[in-house]
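Working notes, structure below.
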Amino acid sequence: KERDDLTAKISRQTRAEKDREKYVTHIETFKDRMRVERKAINKLKHKEMDGTASKLVTKIGKLEERKIEIYELIEPTISKICELDEKLLDAQIFAIQENNKFSTIESLNESILTTREDMLEKRNELRSAYVKAKEEYTQALKDYKALLETFSDEDRLELEKLVTELQESDALTEEGLNAEINRIKSQMRLRRNGAGADSLKRLEEVEKEIQQYEQKLPELDVDVGILDRQIQDLVSVWRPKLDSVIRTIANDFSENMKAVASAGDVQLDSESENFSEWKLKILVSFRDSHGLMQLNAAQPSGGEKSATTAVFLNSLQGLTNTPFRVVDEINQGMDSKNERLIHELIVRKSCSARGSQYFLITPKLLTNLYYGTGMRVHCILAGRWCPDYEDKVEFLEMGVTDKYF
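Under my numbering, the first residue of the sequence shown is numbered 81, with each subsequent residue one higher.
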């Protein structure tokens, strides 16, 4: 919106500059006339003064007075033009600065979004690996317990004796237990082979992987939190501007849809955390008894979809700095009533102060269409049926554009 306001302001200042040039041209014209009159007087000074010379002197005096009056009239305008020139320069500098800021923010936003996506993907991979490792650990633990069930009575008695000795020696501390576990694992590696040894080896590997993942996850959570805050800071800057643009589109769309249907609205679907999945929802109602429904391929008829699409595209006019627009088959499926309404909406929007150039291509024109100031109708004359201009020179002027007022 600020950029549009700036564009309008520059346009007004440009018109003021043209007015100033027009006044300067008038002044130069008066000066030329004054020089001609002075030359005529100088010639008459060398001759006898007669009635004609006296009239010329009187006329010169009046012109001098008129010149003074003109200078007094245009002096405020010239001062105003100088002031506007300064404001125009400031506005142009401000526009350049704003464009640079926007480009920087857009580049930073894209970089942050890319980094955030990479971090989220990495975090998801680690979480999946963590879950998988935990499942493998649980399965390995079950296998280990099942392996213990295969111990003989002698092995069990030996294990109970060992526990009793450890309790008596106060070795059942965390350090003592870890040392004893490592010693037992070493003995089991030496005494056993096959599935039991493989299970113990896999169990150790899984425990190491789980520890690595548990160490990495907090750091990744911190990084993701920082990126989320940076994204929220950026969103807090451009989200209000986005909402303002959508409100402008929705208000224009709703107002114009009243002429074509019962009601209409445009809303932003921003439920997803992924900005690339955000979208606009076009809501329409072609019956007074029906509520608003989202435009899709199944609900309205072909003509209603075409009319809605044309109104929506027309609501985008003036929001972007496009030099011109080309729309083909925009009236496909419309009846003559809707076609006339859409034509009038397009003409009024395109011929407004902020409208961009609009090319409407059609093989025919309906009767009773709305024609506004600032539009032209070009009739393309081509084909074998065209008259030969060599026979009649006036045929050379066929196809000359005409402007409608």
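Heads up, the beta-carbon is just placed ideally off N, CA and C, and yes, glycines get one too.
| field | Separation of R196 from T328, as counted between CA atoms | value | By one-based count along the sequence shown, residue 328 stands at place 248. By one-based count along the sequence shown, residue 196 stands at place 116. For T328 and R196, the distance between alpha carbons rounds to 31 Å.
| Excluding five sequence neighbours on each side, which residues of the same chain lie with their C-beta closer than 8 Å to the C-beta of D349? | Locating residue 349 in the sequence shown gives position 269, where the first residue counts as 1. The answer, listed in chain order, is W358, K359, L360 and K361.
| Nearest CA to the CA of T389: which residue from N376, L399 and T400? | To locate residue 389, count along the sequence shown from 1; it is residue 309. Closest by alpha carbon: N376.
| query | Any idea if H423 is buried or exposed, counting beta-carbon neighbours within 10 angstroms, 16 or more meaning buried? | reply | Stepping through the sequence shown from its first residue, residue 423 is reached at position 343. The residue in question, H423, is buried, as its Cβ has 16 or more Cβ neighbours within 10 Å.
| field | Collapsed DSSP secondary structure at Q437 in the structure displayed | value | For the purposes of this step, residue 437 is taken as residue 357 along the sequence shown, with counting starting at 1. It is a strand residue.
| field | Residues near K214 by beta carbon distance below 7 Å, same chain, minus five either side | value | Position 134 of the sequence shown, counting from 1, holds the residue named residue 214. Closer than 7 Å at the Cβ level, and outside the excluded window around K214, lie I290.
| field | Neighbour-count burial assignment, I441, 16 or more Cβ in a 10 Å radius | value | Along the sequence shown, one-based indexing puts residue 441 at 361. The residue is exposed, with fewer than 16 neighbouring Cβ atoms inside 10 Å.
| field | Beta bridge counterpart(s) of K359 as assigned by DSSP | value | Here residue 359 is taken as the residue at index 279 of the sequence shown, counted from 1. DSSP output for K359 lists D349 as bridge partner(s).
| How long is the line joining the alpha carbons of A275 and E351, rounded to whole angstroms? | By one-based count along the sequence shown, residue 275 stands at place 195. By one-based count along the sequence shown, residue 351 stands at place 271. Unreliable placement is indicated for A275, whose pLDDT of 49 sits below 50; the coordinate value is still reported in the next sentence. Rounded to the nearest angstrom, the two C-alpha atoms are 51 Å apart.
| message | How far does the alpha helix (DSSP H) with N418 in it extend, from its first residue to its last? | response | In the sequence shown, the residue the question calls residue 418 occupies position 338. Bounds of the alpha helix (DSSP H) holding N418 are S416 to S430.
| field | Pick from V116, E186 and P156 that is closest to Y103, judged by C-alpha positions | value | Here residue 103 refers to the residue found at position 23 when the sequence shown is read from its first residue. For the residues V116, E186 and P156, the minimum Cα distance to Y103 belongs to P156.
| said: DSSP three-state label for E216, please. | reply: Here the question's residue 216 lines up with position 136 in the sequence shown. Of the three classes helix, strand and coil, the one that applies to E216 here is helix, per DSSP.
| task | May I ask you to report which of helix, strand or coil DSSP gives G413? | result | Locating residue 413 in the sequence shown gives position 333, counting from the first residue. G413 falls in the coil class under three-state DSSP.
| request: Quick one: using the 10 Å Cβ neighbour count with 16 as the cut-off for buried, is Q397 buried or exposed? | output: Within the sequence shown, the letter at position 317 stands for residue 397. Flag for Q397 reads buried.
| message | Helix, strand or coil for R456? Go by DSSP, reduced to three states. | response | By one-based count along the sequence shown, residue 456 stands at place 376. It is a strand residue.
| query | In chain order, what residues of the same chain lie with their CB nearer than 6 Å to the CB of N411, ignoring the 5 residues before and after it? | reply | Counting from one through the sequence shown, the residue named residue 411 turns up at place 331. Same-chain partners within the cutoff: E419.
| query | When the Cα atoms are used, what is the spatial distance from A343 to L393? | reply | Taking the first residue of the sequence shown as 1, we reach residue 343 at position 263. Taking the first residue of the sequence shown as 1, we reach residue 393 at position 313. If you take the alpha carbons of A343 and L393, they lie about 16 Å apart.
| Distance, R92 Cα to M114 Cα | Residue mapping note: residue 114 aligns to position 34 of the sequence shown, counting from 1. Residue mapping note: residue 92 aligns to position 12 of the sequence shown, counting from 1. About 33 Å.
| request: Would you decide whether F333 is buried or exposed? Buried here means 16 or more other CB atoms lie within 10 Å of its CB. | output: Here residue 333 refers to the residue found at position 253 when the sequence shown is read from its first residue. Counting the other Cβ atoms within 10 Å of the Cβ of F333 gives 16 or more, which makes it buried.
| field | Secondary structure of G383, DSSP reduced to three states | value | Taking the first residue of the sequence shown as position 1, residue 383 is located at position 303. Residue state, collapsed to three classes: helix.
| query | Among the residues of its own chain, which have a CB less than 7 Å from the CB of D303, if the five just before and after it don't count? | reply | For the purposes of this step, residue 303 is taken as residue 223 along the sequence shown, with counting starting at 1. Taken in chain order, the residues that qualify are M199.
| Reference V340; option with closest CA among G382, N354 and V391 | Position 260 of the sequence shown, counting from 1, holds the residue named residue 340. It is V391 whose Cα lies nearest to the Cα of V340.
| message | Using CA atoms only, rank isn't needed, just tell me which of S395, A378, K338 and E353 is closest to D368. | response | Position 288 of the sequence shown holds residue 368. In this structure, K338 is the residue among S395, A378, K338 and E353 with its C-alpha nearest to the C-alpha of D368.
| query | Taking all protein chains shown into account, do 16 or more other C-beta atoms lie within 10 angstroms of the C-beta of V346, making it buried, or fewer, making it exposed? | reply | Translated into the one-based positions of the sequence shown, residue 346 becomes position 266. Counting Cβ neighbours within 10 Å, V346 comes out buried, since at least 16 surround it.
| said: Helix, strand or coil, according to DSSP, for A339 in the structure here? | reply: As a working note, residue 339 is residue 259 in the sequence shown. In the structure shown, the three-state DSSP call for A339 is helix.
| query | How would you call V364, buried or exposed, if buried means at least 16 neighbouring beta carbons within 10 angstroms? | reply | In the sequence shown, counting from the first residue as 1, residue 364 sits at position 284. When all chains shown are included, V364 counts as buried.
| message | For S386, count the other beta carbons within 10 Å of its own beta carbon; 16 or more makes it buried, fewer makes it exposed. Which is it? | response | Here residue 386 is taken as the residue at index 306 of the sequence shown, counted from 1. By the 10 Å Cβ count, S386 comes out buried.
| query | Can you tell me whether A462 is buried or exposed, with buried defined as 16 or more other CB within 10 angstroms of its CB? | reply | Within the sequence shown, the letter at position 382 stands for residue 462. Looking at its Cβ environment, which holds fewer than 16 other Cβ atoms inside 10 Å, A462 is exposed.
| Outcome for N448 when other beta-carbon atoms lying within 10 angstroms are tallied against a minimum of 16 | Position 368 of the sequence shown, counted from the start, is the residue given in the question as residue 448. Classification for N448: exposed.
| said: Using only the alpha-carbon positions, how far apart do I154 and D308 sit? | reply: Counted from its first residue, the sequence shown places residue 154 at position 74. Counted from its first residue, the sequence shown places residue 308 at position 228. Going from the Cα of I154 to the Cα of D308 covers about 59 Å.
| message | Between the alpha carbons of S232 and A259, how many angstroms are there, rounded? | response | The residue labelled residue 232 in the question sits at position 152 within the sequence shown. The residue labelled residue 259 in the question sits at position 179 within the sequence shown. So the alpha carbons of these two residues sit roughly 24 Å apart.
| query | Can you tell me whether K429 is buried or exposed, with buried defined as 16 or more other CB within 10 angstroms of its CB? | reply | Here residue 429 refers to the residue found at position 349 of the sequence shown. Buried: at least 16 other Cβ atoms inside 10 Å.
| request: Determine the direct distance from the alpha carbon of K321 to that of N189, and round the result to whole angstroms. | output: Taking the first residue of the sequence shown as 1, we reach residue 189 at position 109. Taking the first residue of the sequence shown as 1, we reach residue 321 at position 241. So the alpha carbons of these two residues sit roughly 15 Å apart.
| request: Would you kindly check if the distance between the Cβ of N336 and the Cβ of S395 is under 9 Å? | output: If you number the sequence shown from 1, residue 395 lands on position 315. If you number the sequence shown from 1, residue 336 lands on position 256. Cβ distance < 9 Å, so S395 and N336 count as in contact.
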